[in-house]
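Here is the structure we will look at, set down as structure tokens.
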Amino acid sequence: MSIKKLVLLAIFTAIAVVVNILEMYIPIIPGTAFKIGFANIITLIVVFVYSPKEAIIVGLMRIFVAGLLGPSGFGPTFMLSLTGGVFSILTIVIVRMLDKFSLVGVSVMGSIMHVFGQILAARFIFAEVVTFYAPIMLFLSIPAGIFTGILANKFLAISKEWFVEKKY
Amino acid sequence: MTKKKKNDFLLIGVALILLGGLLIFSIATRVKGEIAYVKVSNQAVMQISLKDGSYVANNPSNVIVLTEKPEIDGFDLTTSSEVIPLEFGKTIVVYQNLFYVRGALGVVEIQYKENKIRVSKEKSPYNICSRQGYSDVAPIVCLPNFVTIEFSNDTDVIIG
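For the protein sequence lines, the chains are P and W, in the order given.
Following our numbering from start to finish, the first sequence increments by one per residue and tops out at 169.
Following our numbering from start to finish, the second sequence increments by one per residue and tops out at 1033.
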């Protein structure tokens, strides 16, 4: 792994951690835990620029470090975050490897599976009652996935040359 | 349009139809509750009637009725004369239309008002359940506290 790649991946992980923590303080729909999932943009960028391996490492690092530094710590919400994150990262990686969808499609799949994983975890770890929120959360994950996909696309368009490995 | 972009639109279209259908179905089949079940760690501890705010505790010996409004102090309640420790999943403290149970992070204050219920005070990182406000349909979920309030109009449900 080149130093440039190492540094970029480290910066991406750091940005994802900060975004992940900040996002919880900015409620999109007040009184709900719904969020857009901006931290997932980083996973998308990494899987498209580098490879599934890097995306899995950066994605998991983000979840654990955000759990360590965030206000919830490793409480019950961390388990939901981890399950949702693992579902979403694996989906993004698999859909990316299938190579049938563009970035927005991959993002939407990841977003839907993130909610699915979270609801599943909450249902079994916590209480059945959370499934009440499953339909609305799953539906809202579609526009959220489209939005993060478009943002990741825009970012990739302006940052292509960052990732070129120059020979000095 | 490239093949992949077409696939994207197809995927989004199918997802919108399927999940939109699920959403409409879930909203259409919603029923307004008449009874609120307060659960701690997924075990019902009490039920509150939304008609008049009367309550039935799972175990009446765990109920403490106060005549003065208590203050929340971490995991305990304090009044001018005493400190009341709350036992997780057991103790219920009642003062008029306010109900107190112990959550995983501190005391959770539940308020009944005009046929609705809300969590008025709780300690959690993001305070999602107290920000939700009054409800009589959507369950109130205090995830970090392991406290939930579910609504049902099934009066025959045996709690426990």
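Here a beta-carbon is modelled for each residue, glycine too, at the ideal position from N, C-alpha and C.
Values in this document were obtained by computation on a predicted structure and should not be read as measured data.
### Message
Can you list, in chain order, the residues of its chain with a C-beta nearer than 6 Å to that of M114 of chain P? Leave out the 5 residues immediately preceding and following it.
### Response
Scanning its chain for C-beta atoms nearer than 6 Å, with the 5 sequence neighbours on each side dropped, one finds around M114 of chain P the residues F88, S89 and T92, in chain order.
### Task
Measure the Cβ-Cβ separation of F148 of chain P and I46 of chain P and say whether it is below 9 Å.
Contact flag unset, no.
### Message
Rounding to the nearest angstrom, what Cα-Cα distance links G1033 of chain W and I159 of chain P in this structure?
### Response
With a pLDDT of 43 at G1033 of chain W, under the threshold of 50, the modelled position of this residue cannot be trusted; read the value that follows with caution. Spanning the two alpha carbons is a distance of roughly 59 Å.
### Query
In the region 992-1005 of chain W, which residues sit with their C-beta less than 8 Å from some C-beta in chain P, listed in chain order?
Within the region 992-1005 of chain W, the residues whose Cβ lies closer than 8 Å to any Cβ of chain P are, in chain order, P998, Y999, I1001, R1004 and Q1005.
### Message
For a quick check, are the C-beta atoms of V94 of chain P and G106 of chain P less than 9 Å apart?
### Response
No, the pair does not count as a contact, with Cβ atoms beyond the cut-off.
### Cβ-based burial, N852 of chain W [other Cβ within 10 Å; buried from 16]
As displayed, chain W neither begins before 874 nor continues past 1033, which places residue 852 of chain W out of reach and without an answer.
### Query
Mind checking if L83 of chain P is an interface residue toward chain W, Cβ cutoff 9 Å exclusive?
It does not; no Cβ of chain W falls within 9 Å.
#### Entry: Simplified DSSP assignment, three categories, for R903 of chain W
In the structure shown, the three-state DSSP call for R903 of chain W is coil.
### Query
Which residues of chain P have a Cβ atom closer than 9 Å to the Cβ of V1014 of chain W, listed in chain order?
Simply A34, A123, F127, A128, V130, V131, F133 and Y134.
### Task
Closer than 7 Å by C-beta to S997 of chain W: which residues in its own chain qualify, once you throw out the five before and the five after it? Chain order, please.
Result list for S997 of chain W: L978, C1015, P1017 and N1018, in chain order.
### Message
Give me the chain W residues within the contact set of L9 of chain P, using Cβ-Cβ distance strictly less than 9 Å, ordered along the chain.
### Response
Result: empty, since nearest Cβ-Cβ is about 25 Å, beyond 9 Å.
### Reduced DSSP category for A135 of chain P - H, G, I as helix; E, B as strand; rest coil
Reduced to three states, the DSSP call for A135 of chain P is helix.
### Query
Which chain P residues sit within Cβ distance under 7 Å of K878 of chain W?
Per Cβ cutoff of 7 Å: S103.
### Task
Flag this pair as touching only if the region 920-939 of chain W and the region 896-907 of chain W have three or more C-beta atom pairs under 8 Å; answer yes or no.
Yes, the region 920-939 of chain W is in contact with the region 896-907 of chain W.
### Query
Are the C-beta atoms of A158 of chain P and some chain W residue less than 9 Å apart?
Not one chain W Cβ lies under 9 Å of A158 of chain P.
### Task
Would you verify that the beta carbon of F65 of chain P is, or is not, closer than 9 Å to some beta carbon of chain W?
It does not; no Cβ of chain W falls within 9 Å.
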